[in-house]
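Here is the structure we will look at.
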Amino acid sequence: MKRGDSLYKRLLGWLLLPLLVLGSLILIQAWVDAQRTADRAFDRLLEAASLAIAEQVQWQDDRLWLDLPPAALEMLATDAEERVFYSLVDDQGHVITGNAELPADPRQEETSDDTLLYRDIDWQGMTLRQGVRRTRLEEWRIREPFEVRVAHSREGRDALTAELWRANLSGIVIMGSLAVISLLFAIRSALSPLTRLRRAIRARDPRTLAPLELPLPRELAELRDTVNGLLTRMRRVRSNQERFIGDASHQLRTPLAGLSARAELALRQDDPARWKEALVAMQATSARTARLAGQLLSLTRLDNPEYRPDLVPLELNALARQALHDHWGTCHRQGVDLGMETAGSEVWIRGIDWLLAEAIGNLIDNACRYGGRRVTVQVEDKPPRLTVEDDGPGIPAQKRLLMLRPFHRDRDDQEGSGLGLAIVDGIARTHRARLQLSAGHDDHGLRVTLQFTGDTP
Amino acid sequence: MNRPGRPASRWLLLLFLVGTFVSADESLYYPAASDGGPNASLVIHGALDLPQMSPLLEGFHRQNPGLEVHYRNLTTLALHERFLAAPDEADVLLSSAMPWQYRLANAGHARSLDSPAAYRWPAWARWRHELFAITFEPIVMVVNETVIERFGEVRGHADLLALLERHAETLQGKVVTYDPAISGAGYTYAIEESRLSPRYWDLVAALGQADTELVETTGAMLEGLIEGRYLVGYNLLGSYARARLADQPQLRIVMPEDYTLVTQRLALIPHQAPHPAAAERFMDYLIDKTGQTVLARETSLGAIHPALEGAGTATSLRQERGETLRPIILGPSLLATLDDLKREALLSRWQREFSRRASR
Numbered sequence: 001m002k003r004g005d006s007l008y009k010r011l012l013g014w015l016l017l018p019l020l021v022l023g024s025l026i027l028i029q030a031w032v033d034a035q036r037t038a039d040r041a042f043d044r045l046l047e048a049a050s051l052a053i054a055e056q057v058q059w060q061d062d063r064l065w066l067d068l069p070p071a072a073l074e075m076l077a078t079d080a081e082e083r084v085f086y087s088l089v090d091d092q093g094h095v096i097t098g099n100a101e102l103p104a105d106p107r108q109e110e111t112s113d114d115t116l117l118y119r120d121i122d123w124q125g126m127t128l129r130q131g132v133r134r135t136r137l138e139e140w141r142i143r144e145p146f147e148v149r150v151a152h153s154r155e156g157r158d159a160l161t162a163e164l165w166r167a168n169l170s171g172i173v174i175m176g177s178l179a180v181i182s183l184l185f186a187i188r189s190a191l192s193p194l195t196r197l198r199r200a201i202r203a204r205d206p207r208t209l210a211p212l213e214l215p216l217p218r219e220l221a222e223l224r225d226t227v228n229g230l231l232t233r234m235r236r237v238r239s240n241q242e243r244f245i246g247d248a249s250h251q252l253r254t255p256l257a258g259l260s261a262r263a264e265l266a267l268r269q270d271d272p273a274r275w276k277e278a279l280v281a282m283q284a285t286s287a288r289t290a291r292l293a294g295q296l297l298s299l300t301r302l303d304n305p306e307y308r309p310d311l312v313p314l315e316l317n318a319l320a321r322q323a324l325h326d327h328w329g330t331c332h333r334q335g336v337d338l339g340m341e342t343a344g345s346e347v348w349i350r351g352i353d354w355l356l357a358e359a360i361g362n363l364i365d366n367a368c369r370y371g372g373r374r375v376t377v378q379v380e381d382k383p384p385r386l387t388v389e390d391d392g393p394g395i396p397a398q399k400r401l402l403m404l405r406p407f408h409r410d411r412d413d414q415e416g417s418g419l420g421l422a423i424v425d426g427i428a429r430t431h432r433a434r435l436q437l438s439a440g441h442d443d444h445g446l447r448v449t450l451q452f453t454g455d456t457p
Numbered sequence: 001m002n003r004p005g006r007p008a009s010r011w012l013l014l015l016f017l018v019g020t021f022v023s024a025d026e027s028l029y030y031p032a033a034s035d036g037g038p039n040a041s042l043v044i045h046g047a048l049d050l051p052q053m054s055p056l057l058e059g060f061h062r063q064n065p066g067l068e069v070h071y072r073n074l075t076t077l078a079l080h081e082r083f084l085a086a087p088d089e090a091d092v093l094l095s096s097a098m099p100w101q102y103r104l105a106n107a108g109h110a111r112s113l114d115s116p117a118a119y120r121w122p123a124w125a126r127w128r129h130e131l132f133a134i135t136f137e138p139i140v141m142v143v144n145e146t147v148i149e150r151f152g153e154v155r156g157h158a159d160l161l162a163l164l165e166r167h168a169e170t171l172q173g174k175v176v177t178y179d180p181a182i183s184g185a186g187y188t189y190a191i192e193e194s195r196l197s198p199r200y201w202d203l204v205a206a207l208g209q210a211d212t213e214l215v216e217t218t219g220a221m222l223e224g225l226i227e228g229r230y231l232v233g234y235n236l237l238g239s240y241a242r243a244r245l246a247d248q249p250q251l252r253i254v255m256p257e258d259y260t261l262v263t264q265r266l267a268l269i270p271h272q273a274p275h276p277a278a279a280e281r282f283m284d285y286l287i288d289k290t291g292q293t294v295l296a297r298e299t300s301l302g303a304i305h306p307a308l309e310g311a312g313t314a315t316s317l318r319q320e321r322g323e324t325l326r327p328i329i330l331g332p333s334l335l336a337t338l339d340d341l342k343r344e345a346l347l348s349r350w351q352r353e354f355s356r357r358a359s360r
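Protein sequences appear in the order of chains U and B.
The first sequence runs 1 to 457 under full-length UniProt numbering.
The second sequence runs 1 to 360 under full-length UniProt numbering.
Next up, the structure:
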């Protein structure tokens, strides 16, 4: 679309163009009509003149005889001073008399009646209207056929045509301008709701996300409702964000407050052993806080809809094996049995290794933290699937979805941030994978499955 | 021109010798004052004898000294024939043979003149912008004073009819008019008069009764009248009569009171005129006040220009005569005049009426 293009101009163009075409057609039609009317009127002159001549044709001295009435020729010339031509022709086509050898009647059929033909002819460089009367003598014995041909130039006809057309023209022009004016008003009033909408949007407080409330015609009401839908979604997103920020600050404040309290407590002591003890505790707390901050960061990044990382081909078995290797030590120290079931063959998916490693880590960590004694990482093929299962207390089915929300915890615990599953959910979405939470073996524990789409590299 | 009617109309034209004083191959030549190039010349073919034409041409040449002007005085026949043979020879055709000039223009041989003067020219004296009537010449009777003394005034056609009917014996052989069978002008007047009034045929019969002499030209009539061979002349060209009879007090020119035919000389510029610009200038001069003033003052032809008044103008003639003037109408009826069968019909009727009451 060009710059400066406007709905107003478009509508005007598309309405005016047909109007213009229509107007021209009407003008042409009016011209043709005017010409036909003028011809009809002036053809009466040809008819009258040829009749006046035909009536004077007699049989005299064994030949056709004509006492040409001058009035017949006068009839053919109006105020426009037309050129006048006539001829009397016998049955064999011989000119009996006349001032011009006018072309013959081209009609073939022989009719006994008095017949008349009008037509336009080009004769010696002049455009003439010709009238041919084919008739015969009506005497007692002699019924000699003959033709009276009359013609005159078109000045009178053209003048009448122009006059009739001009008379029509003024009417057409008036109607056309009325149509154009009403068109302008119609377009302006049809587009006015658009202007109102624009003003309403412009006049809004930029911070508010309240829906637009203004009456609009149906087509624009749809647009308004769509905008309102968008605003509603934005409102929801913003409230989510606000809650998230609130939760996040709360989460960060608690360990920081703990750190501060511990440091204060330690500073009151003089025993270096106590200091060391406090430092160790503070180190653990700050490490946890750092991890929490890291998780918040990755969650924020994953929740950003514009975050579109490049996915690369990955082998799931290798990934699971690496995760097992990374976490085995921790789990072992906690007395958790971390195991693995790999698929028989290689399982390739498209993904980002560090994100998936993070997801597996989170799941293992969760399983350990919530009472799992035996955690199994499982890789399946067709469809590619990554599962982490534990034999802990599990989550009741109705609460499973809630677990995906950030900072939601099943029960109060100091260690967890409540972000683990939310992060896994974000990673799953980044990979366009489905996250399923279900009960584990024999309705025990929790089984979290990432099912990848089939489009393996 | 069309072919079929031509031989007969040519024959008719042969007889159309209005300009009685004209002998063939008279011409006037006015050299250009300065060498204006090959285009600075003008060729006029006219049926108007030199004494009438020279004042006009002198006036024009005074206005346009750079133009070389060549005037050929021809009979109406020669003029017409010469035009048909060489349509690119003359720049202006000026002829009193109204039907022939009209026929040329009707067939598209004339060039349109769109000058302001042409627009000002009265509509009755032109056809389109192609054919212009430039003179106004009444058709008159000439009566010897002795006839008036003996039988009373002859003021119009009715008087003439009464005179002929009452005194046919006395006037036997003393009346003269055109022979319509051999004179184109006479034929034109006959057809016009027969259309004006059915009583014309009574007049023809009365002329026949008086054993009227039929001649070919106005000149012949005037000579006979001057010599005293005729006492009454009917249908003479007024312009020639006035010029010729200025010193003949015994002959009175009568413009009929009931109706007076008026003939006009028609000028046109042929389509193939070799010097159209000069032709238009001459035409403008003819229909402009200057040329028309010359016509009124220095010739007996009669000026048409509506702004001119006084002797020798159509305006004063109209004021004097009012509705009785019947100028020959410049219209398609002139074509009917040229119709061969029409001519035959009219002439046979004329002959019939003429010999109806013939004494011998």
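Positions of the beta carbon are idealized from the N, C-alpha and C atoms, including for glycine.
Quick caveat: nothing in here was measured; it's all calculated off a predicted structure.
- Counting only runs of at least 3 residues, the segment 336-379 of chain U fully encloses the following beta strand (DSSP E) elements, listed from N- to C-terminal order: 337-341, 348-351.
- Taking a C-beta distance under 8 Å as the contact criterion, V232 (chain B) and V147 (chain B) qualify as a contact pair.
- By the Cβ rule, the segment 296-313 of chain U counts as touching the segment 422-429 of chain U, because three or more pairs are nearer than 8 Å.
- Beta-carbon to beta-carbon, H275 (chain B) and D91 (chain B) are separated by about 5 Å, close enough to satisfy the 8 Å threshold.
- In this chain, Y86 (chain U) is not harboured by any alpha helix (DSSP H); it is covered by the beta strand (DSSP E) spanning 84-90.
- In the DSSP annotation of this structure, the continuous segment of the beta strand (DSSP E) that includes N235 (chain B) starts and ends at 232-237.
- The DSSP-derived three-state label of A257 (chain U) is helix.
- Of the residues assessed, T226 (chain U) falls on the exposed side of the cut-off, its CB having fewer than 16 other CB atoms within 10 angstroms.
- By the neighbour-count criterion, in which a residue is buried when 16 or more other Cβ atoms sit within 10 angstroms of its Cβ, A190 (chain U) is exposed.
- The Cβ atoms of L76 (chain U) and L117 (chain U) do not sit closer than 8 Å to each other.
- For A162 (chain B), no chain U residue has a C-beta closer than 9 Å to its own C-beta; the minimum C-beta separation is roughly 29 Å.
- The three-state secondary structure of R357 (chain B), taken from DSSP, is coil.
- Contact residues of the segment 123-145 of chain U toward chain B are Q124, G125, M126 (C-beta to C-beta distance below 8 Å).
- A check of alpha carbon separations from A210 (chain B) across B:R195, B:A220, B:L164, B:Q250 identifies B:L164 as the nearest.
- Cβ contact annotation for A358 (chain B) (same chain, cutoff 8 Å, sequence separation greater than five): G208, Q209, D211, in chain order.
- Short of 7 Å from the beta carbon of A314 (chain B), and not among the five residues preceding or following it, lie these beta carbons of its own chain, in chain order: F136, G302, A303, I304.
- Put simply, the segment 128-135 of chain U touches the segment 145-161 of chain U. At least three CB pairs are less than 8 Å apart.
- In this structure, P99 (chain B) lies away from L347 (chain B), with their beta-carbon atoms at least 8 Å apart.
- Out of B:L266, B:V215, B:L222, B:A277, the CA that lies nearest to the CA of L251 (chain B) is found in B:L222.
- No Cβ of chain B is located within less than 8 Å of the beta carbon of E47 (chain U).
- The alpha-carbon of S355 (chain B) is positioned some 12 Å away from that of L203 (chain B).
- DSSP places W201 (chain B) in the uninterrupted alpha helix (DSSP H) bounded by 200-209.
- In terms of CA proximity to K289 (chain B), B:R120 leads the group B:Y71, B:R120, B:P51, B:I44.
- Across the structure, A30 (chain U) and L22 (chain U) are spaced so that their CA atoms are roughly 12 Å apart.
- A Cβ-Cβ separation of about 22 Å leaves L19 (chain U) out of contact with A167 (chain U) under the 8 Å criterion.
- The C-beta distance from I121 (chain U) to L88 (chain U) rounds to 18 Å, too long to meet the 8 Å contact threshold.
- With distances taken between CA atoms, K174 (chain B) lies nearest to B:N144 out of B:R195, B:Y189, B:N144.
- When C-beta atoms of the segment 108-123 of chain B are compared with those of the segment 234-254 of chain B, fewer than three pairs fall below 8 Å, so the two segments do not count as touching.
- Assigned with DSSP and collapsed to three states, V154 (chain B) falls in coil, not helix or strand.
- At a cut-off of 8 Å, the C-beta of L338 (chain B) has a neighbouring C-beta in chain U.
- Cβ-Cβ distances below 6 Å link L356 (chain U) to L319 in the same chain, with the five nearest sequence neighbours on each side left out; the list follows chain order.
- Under the three-state reduction of DSSP output, H109 (chain B) falls in the coil class, being neither helix nor strand.
- Within chain U, the residues L73, V84, N99 have their CB atoms less than 7 Å from the CB of L335 (chain B), given in chain order.
- Interface residue (Cβ-Cβ distance to chain U less than 8 Å): W350 (chain B) is not classified as such.
- The beta carbons of R343 (chain B) and Y187 (chain B) sit closer together than 8 Å.
- For W127 (chain B), a Cβ of chain U is located within less than 8 Å of the residue's own Cβ.
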